[in-house]
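Notes for the one structure printed next.
Spelled out as structure tokens, the structure:
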């Protein structure tokens, strides 16, 4: 049976809408139905590695399973200790292990799980229909009741129901299920995910009256004015009696209809001035059906949440309620680090709330129907859904170069058409009444052909109120009408422009873009800005929402997040499962989310001195519905705050005067305009920020930053004012040069610096006799490769820069003793010349100027050679004691920022622990970087340590590097990071638990680090403007001192 492509369902009931039948109206409020019994919980279970080893008569009534193990339902077998999780992307999990063509199924290893549950049915249920539903079983299962065969289903991701009425009896009944890991349909379930099996979604039994609703379809039809609507209801019912239909809004009845029951009903009601549903305003009505039998008894009540909305294409543009919609979207797998595919309702709601809080307005259910609860929450919270059908055969069409194009499935193999149409029918029927679903997607990465076109036509036949999407048309246009929307994956904006010229007839989306693997999502703002430039470009869906990783312990009991290969799974695709903008374990926001939230803002704010231009991108929301504030910051601290009254209509813009007058005070002032929720919502409290804009309205010089950054802020409360322009100041101290045969010393009143002529570098900086350095600072040109770096082979091309820094050698030392001079000319300068650690790469200079106040001005310079390519980083690396584990910085924050991922940052004064800057990417890599840093302190808990202050830097990109047009992060100050590990240590580890115990705090100050890229993770480089230009002299200056 599992090998037969024509056998995908047997004796299953027709697919229907997902709804809960209630015994009365009181049960609805409690969401507890007397007509539904959950079978979730413990089942008896046995596991074997293939069908030939299965207990063939386990389903019989007399077979005793008392000695069997118990397993939780819902759960994946592999998450319960049976078999192992296996992560594979394109390749099939059996490839190279078992010789199997796509007309066959693996036999030698194809695990089988046998489940048994006892069901107690009372005498009162004898006049009821008993319907069992399996919401998700991976990948196929056969069902027996009381020893009799009931049926079979082979679709992992949609619900299957069976009528058990004739199989059950009063008393105990034996439910037996045999689950197969793979069936013939698994060739079309080659999604990029962990490969699991088992009963992983809920199982329940409905005990239904003979007079009831079996299925219903709701459609809301709006006219062109969107003022008048038709509510259309088609239903399948049984029994005799009456049907009462009521539509209400927040308890207020809109219409009531009562009529005699019939097997089929077609209802139509006019609704005037309906409140329209959108992601911005998810207005929902209650549609209630009450079934009354011939005796006047209520037998069943069903309540459906219904929204009025219209999705259509006009003039090559997708319109939602008449307005051009842009999808600020994300792809989402059903996945849990704890439960695998058996994700909980709490985890799903956490995802939805996090999306809403970060301005995400759309979800693509990649690449199968997600758990039903997700769609219900999208209705309630307001998220547009591309509901994707269960289809991906990437491994067949990717291998067509070897086997020929005909190897692709389902293509034109018409024997696969019934199975694929059944999947489409199941997808449609389950979620047809979900308001949030506005587009049906046929599947993912399955090439093209006649079968897929038939699926598109089926969706259109079933549903004339939604659109159809299929990206595969880009690869195979033999059936171009398989999609209503042009769709692509991962092209850069430059390529999209050319593509839309070639294909000018349909709207365009990126069903996958800005691949979020590890430290990624660079240059995302370009895609967003293009949606404002090109009307047909209507947004995209980030790949993807959450890392697919699983809790595991190493041999020492340390817990870590495991990925492909960590379970002994072969073949596998390693950490390619780690593509989330949310972190797997706690479903928390990753550092990348800061950029996503900013780029997806519905309101853009262009702040300048005294003014703000507000561009309202929302379709249906006036800015008056939010609280808008101007906040003025002085040196990163709030100085003043005033509310701004705004009234910017949707899809329009206005300029407003800022209410706060810039004071005549020294310092750097940043004006911020913040848009916040005016009242609490279901996803955030009042005051949650949904958009912001900043501008530096008054700048300060390096000397000012040096002055304000030296104090210990723990004691600032003791002073009524600063020492600005004070007539009495502390004595800055002496400056003494101490020449030696092997070393050069510089002493101040409270500090001393020692330079080595023998070892070539600054080897000591002491403050109050305490050593602050653990090793000599050295030039650094390397970063720990990120996943995107590995994707384009960065180590091979740029690896010489690692050697250039690691194996540099000092060849000359020069001294300039100005200790006897006065003022700013009083310093001792030591200049080291290093030959870089690769032949032909030249020399760099490091100059240290020690001043009487303890500051050391450090300058790194290098004459680039064009043939040496650009470098990953240009800066200096320090090591201090690991006790210096507190970081404070004034610059871009709060999350890490990079040359091409800095738009979402604010300029402010931030602080955290050094260890907090290690981002929880699945594979350790470059992380924790901050751009535009004016000054930074790395200290112990007492506030003692090192201070770094940036000079205003020359632009190493020669002016080409740009952030988003409304970003504040534009000036060129130093980049900075403080981590517990060196780049080499990060690079050598494949999991965080492999990193050594921290011995140092590793500080890197840089002129620039090249961008992190993210158009894709398998070849795309940082855009050219986010590289250090290699045809210029590079010079980087900053100051440091002990504090």
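Numbering (full-length UniProt numbering), first residue to last: 1 to 1043.
Ideal Cβ positions, reconstructed from N, Cα and C, are used throughout, including at glycine.
Excluding the 5 residues flanking it on each side, residue 872 has same chain C-beta neighbours closer than 7 angstroms at 781, 782, 783, 798, 801, 1009 and 1010, in chain order. For the pair residue 423 and residue 299, the CB atoms are not nearer than the 8 angstroms cut-off. Excluding its 5 nearest sequence neighbours in each direction, residue 554 has C-beta neighbours in its own chain below 6 angstroms: 993, listed in chain order. In the pairwise beta carbon analysis, the stretch 125 to 135 is classified as touching the stretch 200 to 211: at least three pairs are separated by under 8 angstroms.
The Cβ atoms of residue 611 and residue 672 lie no closer than 8 angstroms to each other. By alpha-carbon distance to residue 90, the top candidate from 68, 248, 276 and 393 is 393. In the DSSP assignment, residue 189 forms a beta bridge with 392. For residue 544, no pairing in a beta bridge is given by DSSP.
Between residue 349 and residue 368, the C-beta gap is not smaller than 8 angstroms, which leaves the two residues out of contact. Under the three-state reduction of DSSP, residue 29 is assigned to helix. In this structure residue 735 does not touch residue 587 by the C-beta definition: roughly 55 angstroms separates them, more than the 8 angstroms allowed. In this structure, residue 179 lies away from residue 162, with their beta-carbon atoms at least 8 angstroms apart.
Under the rule that a run must span 3 or more residues, the beta strand (DSSP E) segments found entirely inside the stretch 229 to 265 read 241 to 249 and 252 to 260.
Nearest in C-alpha terms to residue 185, of all of 137, 1023, 204 and 608, is 137. Under the three-pair Cβ rule at 8 angstroms, the stretch 623 to 642 does not count as touching the stretch 564 to 571.
The alpha-carbon separation between residue 815 and residue 696 amounts to approximately 39 angstroms. Residue 677 and residue 623 have their C-alpha atoms spaced approximately 10 angstroms apart. Residue state for residue 990 is assigned as coil, using DSSP reduced to three classes. Between residue 73 and residue 244, the C-beta gap is not smaller than 8 angstroms, which leaves the two residues out of contact. Counting only the Cα atoms, residue 486 lies some 10 angstroms from residue 538. Cα atoms of residue 55 and residue 309: separation of roughly 53 angstroms, rounded to the nearest angstrom.
Taking a contact as a CB-CB distance under 8 angstroms, the pair residue 145 and residue 172 does not count as one, their CB atoms being some 11 angstroms apart. For residue 459, the uninterrupted alpha helix (DSSP H) run begins and ends at 450 to 462, by DSSP. Excluding its 5 nearest sequence neighbours in each direction, residue 843 has C-beta neighbours in its own chain below 6 angstroms: 833 and 835, listed in chain order. In the DSSP assignment, residue 641 falls within the unbroken beta strand (DSSP E) covering 637 to 644.
Residue 996 sits exposed, since fewer than 16 C-beta atoms from the chains shown fall within 10 Å of its C-beta. Looking at the backbone, the Cα of residue 876 and that of residue 888 are separated by about 19 angstroms. In the three-state DSSP reduction, residue 67 falls in the coil class, being neither helix nor strand. Beta-bridge annotation (DSSP): residue 1039 is paired with 857 and 949. Per DSSP, the continuous beta strand (DSSP E) segment holding residue 777 begins and ends at 775 to 780. Around residue 745, the same chain offers 738 and 754 as residues with beta carbons nearer than 6 angstroms, after the five sequence neighbours per side are excluded. Residue 500: member of the alpha helix (DSSP H) spanning 493 to 502, first to last residue. Residue 51 and residue 515 have their C-alpha atoms some 39 angstroms from each other.
With respect to residue 87, residue 47 sits apart: the two C-beta atoms are not nearer than 8 angstroms. Residue 314 is bridged by DSSP to 317. For a cut-off of 8 angstroms, the C-beta gap from residue 519 to residue 926 is around 6 angstroms, short enough to register as a contact.
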